[in-house]
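Chains as they are written, first to last, in this note's numbering: chain B, 225 to 570; chain E, 225 to 570.
We put the CB at the ideal spot given by N, CA and C, even for glycine.
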DNA sequence: GCCAGTTCGTAAATCGTTTTACCACGGGCG
DNA sequence: CGCCCGTGGTAAAACGATTTACGAACTGGC
């Protein structure tokens with residue numbers, strides 16, 4: 225109470241390794257060797273250290289430790305939007321991977337804005353993460369002028385597939401477009417609207433490329449009906465409604481994004497068309513709760529677990545050998561055939 | 225190449241404050257003062273430091289800095305499941321709050337398992353977070369034997385409302401149950417099934433308490449029909465289907481959780497009952513994409529933004545004054561009246 | 001011209017841990 | 001008995017930033 229305060233709060237700050245050492249009657253070095261050490265320690269000192277640490281509730285200071293060791297065993301994760309179930313699912317998988325490998329992850333979101341993304345990455349660098357998993361805001365990731373020149377080992381996931389200066393892991397989006405469209409063609413559809421949110425990213429354009437390729441391979445090149453809806457559900461709904469007010473209606477819709485899927489469903493309701501009797505739908509990015517829809521949606525889905533597992537191991541490889549040549553992985557997609565796409569009626 | 229390696233990787237590790245100092249021809253102390261310092265620095269040295277830092281791409285080492293300063297300006301966030309849209313939404317709000325206040329957040333998920341939760345919290349403590357925001361796995365949070373005795377300032381959010389040893393911020397779940405039920409009663413319903421996932425948590429029990437209170441206040445005490453479905457959508461569906469196969473069907477369902485809402489919808493489909501003509505439904509936890517349902521769901525919703533903002537500021541207060549008495553905030557809920565609940569038909 | 005006061009720079013201590021260098025002790029062996 | 005080596009302990013030097021203590025240079029007032 226009356227004592228002079230030299231140390232900042234002087235309060236009950238966490239016990240240090242020195243406190244443990246004092247209580248156990250050994251040196252800090254020995255404590256360190258007991259807790260994580262490579263060197264042998266006599267059983268009796270080991271025991272007394274364990275007891276002292278337990279009694280004081282000692283928790284190693286991660287910052288001091290990784291300052292000394294030169295690595296943090298932490299991976300930074302950058303996603304556009306954590307509220308988006310696709311990304312939060314990925315993050316959950318990564319978290320499990322990390323736990324298995326003795327790592328921890330540090331999650332930040334960019335709001336799909338390259339400036340915020342850059343700032344968040346700066347702060348991950350300041351925290352000296354050992355690696356980065358990034359779902360980039362733009363395909364030209366890292367091209368902005370203020371961007372940090374040197375990054376820790378990084379892997380681009382989902383977006384910016386095939387980037388020149390990074391490893392990339394993403395779904396095979398061309399196949400996604402191709403298989404979704406082909407399924408409808410096999411069912412006899414010849415007028416298929418392809419609904420997409422935007423053409424700003426290569427992964428979105430790839431899905432449309434797959435759609436085009438499927439038409440072409442089946443001699444339907446002239447029948448392209450591309451609808452670019454926009455980033456919101458409502459915009460997609462409006463776009464598809466406009467398309468369907470025209471005289472010659474498509475008999476099927478292939479929605480190439482999650483949001484455009486929702487937009488298509490709302491439009492079908494609003495137009496009072498019967499799904500799947502009057503129109504077929506192939507949806508995108510089916511997630512568990514979508515099973516509440518009737519009819520069950522035939523859908524193209526990404527394999528989030530594979531995406532997460534592969535990107536994780538590519539990152540680990542990159543950390544192990546920083547100078548290896550870049551890899552570009554494409555993860556196959558899944559087409560789940562359910563009830564929303566039916567043979568064309570005529 | 226031929227040189228002897230003394231320092232670990234000897235590679236191009238990040239530049240330190242000493243490197244900047246050397247390049248600028250000043251001491252490290254001066255560099256520190258330029259970058260964050262409280263003390264004045266002459267304009268010319270300031271300039272040369274800025275230039276040197278810029279040229280080297282210097283990024284302050286967050287670990288070294290917070291080791292010295294004694295705080296991290298980091299808040300640990302613990303949620304049961306990041307894939308759950310409710311929690312990922314909360315996290316997104318917190319991230320924004322943190323950015324505004326010059327903090328960063330460190331997110332971990334517990335999988336609703338108290339052991340994992342405890343481990344994750346240990347590692348947040350090792351990282352010396354300045355505070356914790358916790359959606360606890362159990363109402364008796366912190367009671368397990370191995371649990372750390374001293375925690376940084378912490379606020380329990382959503383779950384474990386009214387905990388003895390922590391501040392808590394949660395929705396007014398009794399009101400949620402009361403208002404949802406009252407709405408149905410006002411529409412003339414007298415046989416109302418209350419569907420819940422479990423009775424394991426106080427926030428779930430509170431919703432049922434609200435349901436009971438509403439019945440009682442309207443002289444319907446004898447008409448209680450509680451259906452405890454279970455944690456999965458399917459279990460809820462089965463439970464409600466069983467209930468509806470009995471002779472006297474309820475005329476309305478009040479779903480007190482998100483999962484049970486989905487289960488109820490699936491059951492209604494499966495039983496081939498018309499919503500809202502033959503049965504009324506008050507849903508829980510409406511989120512944006514739920515607008516794709518037809519009819520639009522009348523729903524009780526939690527105010528995630530309020531929840532996040534209030535818990536954040538309670539935590540900041542707690543950090544500022546560690547010895548203040550505990551506060552227990554209840555955030556009002558919202559009842560959105562749409563189309564799925566109609567006056568009872570007879 | 002001298003003294004007090006301000007400004008600004010540097011050296012060194014510090015945060016808590018890991019790791020290196022060094023030393024004491026004892027056992028085995030020639 | 002003398003030497004070598006393995007074991008296990010300690011002190012001290014890192015890691016990179018912040019902050020304290022001190023001192024040099026300059027200013028201004030008398």
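Residues of its chain near residue 429 of chain E, where Cβ-Cβ distance is below 6 Å and the 5 sequence neighbours each way are ignored | 423
Is DSSP giving residue 437 of chain B helix, strand or coil here?
-> helix
CB-CB under 8 Å to residue 497 of chain E, same chain, minus the five flanking residues each way: which ones, in chain order?
-> 468 and 503
Closer than 8 Å to chain B by CB, residue 534 of chain E = no
Quickly, what does DSSP pair residue 391 of chain E with across the bridge? List them, please.
-> E/379
Could you tell me which chain E residues have their CB closer than 7 Å to the CB of residue 571 of chain B, listed as they occur along the chain?
-> The requested residue 571 of chain B is not part of the displayed model; chain B covers only 225 to 570.
Going by C-alpha distance, which of E/436, E/451 and E/450 is nearest residue 444 of chain E?
-> E/436
Alpha carbon of residue 246 of chain E to alpha carbon of residue 278 of chain E, nearest angstrom | 14 Å
Quick one: residues in its chain with C-beta nearer than 6 Å to the C-beta of residue 255 of chain B, no 5 flanking neighbours on either side, listed in chain order?
-> 241, 244, 245 and 273
Quick one: any contact between the stretch 335-349 of chain E and the stretch 550-561 of chain E, if contact means 3 or more CB pairs under 8 Å?
-> no
Give the DSSP bridge partners of residue 303 of chain E, in chain order.
-> E/333
May I have a chain-ordered list of the beta strand (DSSP E) segments no shorter than 3 residues that lie completely inside the stretch 477-511 of chain B?
-> 504-508
By Cβ distance below 7 Å, which residues in the same chain neighbour residue 319 of chain E in space, the five residues on each side in sequence not counted?
-> 329
Note down the Cα distance separating residue 485 of chain E from residue 462 of chain B, rounded to an integer number of angstroms.
-> 28 Å
How should residue 262 of chain B be labelled, buried or exposed, when 16 other C-beta atoms within 10 angstroms of its C-beta is the threshold for buried?
-> exposed
Closest Cβ-Cβ distance between residue 489 of chain B and chain E: below 8 Å?
-> yes
Going along the stretch 329-358 of chain E in order, which residues come within less than 7 Å of chain B, judged by CB to CB distance?
-> 330, 331, 333, 346, 347, 349, 350, 351 and 352
According to the Cβ coordinates, are residue 522 of chain E and residue 473 of chain E closer than 8 Å?
-> no
Name, going along the chain, the residues of the stretch 271-284 of chain E whose beta-carbon falls closer than 9 Å to a beta-carbon of chain B.
-> 281, 283 and 284
Measure the Cβ-Cβ separation of residue 477 of chain B and residue 419 of chain B and say whether it is below 8 Å.
-> yes
Which of the three DSSP states, helix, strand or coil, is assigned to residue 454 of chain B?
-> coil
Quick one: is residue 567 of chain B near chain E, going by C-beta distance under 8 Å?
-> no
Give the residues of chain E in contact with residue 377 of chain B, contact being defined as C-beta atoms less than 9 Å apart.
-> Within chain E, no residue comes near residue 377 of chain B; the closest Cβ sits about 12 Å away, beyond 9 Å.
Residue interval of the alpha helix (DSSP H) (run including residue 544 of chain E) | 528-544
Report yes or no: do three or more beta-carbon pairs, one from the stretch 499-513 of chain E and one from the stretch 543-550 of chain E, lie closer than 8 Å?
-> no
For residue 290 of chain E, the three-state DSSP class (helix, strand or coil) | helix
Check whether the Cβ atoms of residue 406 of chain B and residue 453 of chain B lie closer than 8 Å to each other.
-> no
By a C-beta neighbour count over all protein chains shown, 10 Å radius and 16 as the cutoff for buried, is residue 260 of chain E buried or exposed?
-> exposed
Given a limit of 8 Å on CB to CB distance, which residues of the stretch 284-307 of chain E reach chain B?
-> 284, 285, 286, 287, 288, 290, 291, 294, 296, 305, 306 and 307
DSSP state of residue 515 of chain B, grouped into three classes?
-> helix
Contact set for residue 270 of chain E: own chain, Cβ-Cβ below 7 Å, skip 5 residues either direction | 258
Have a look at residue 392 of chain E and residue 305 of chain E and give me their C-alpha separation to the nearest angstrom.
-> 19 Å
Of the choices E/307, E/252 and E/440, whose alpha-carbon is the least far from that of residue 416 of chain E?
-> E/440
Please decide whether residue 493 of chain B counts as near chain E, where near means a Cβ-Cβ distance under 8 Å.
-> yes
Does any CB atom of chain E fall closer than 8 Å to the CB of residue 500 of chain B?
-> no
Can you round the beta-carbon distance between residue 378 of chain E and residue 338 of chain E to whole angstroms, since I take them to be within the 8 Å contact cut?
-> No, residue 378 of chain E and residue 338 of chain E are not in contact; Cβ-Cβ is about 15 Å, not under 8 Å.
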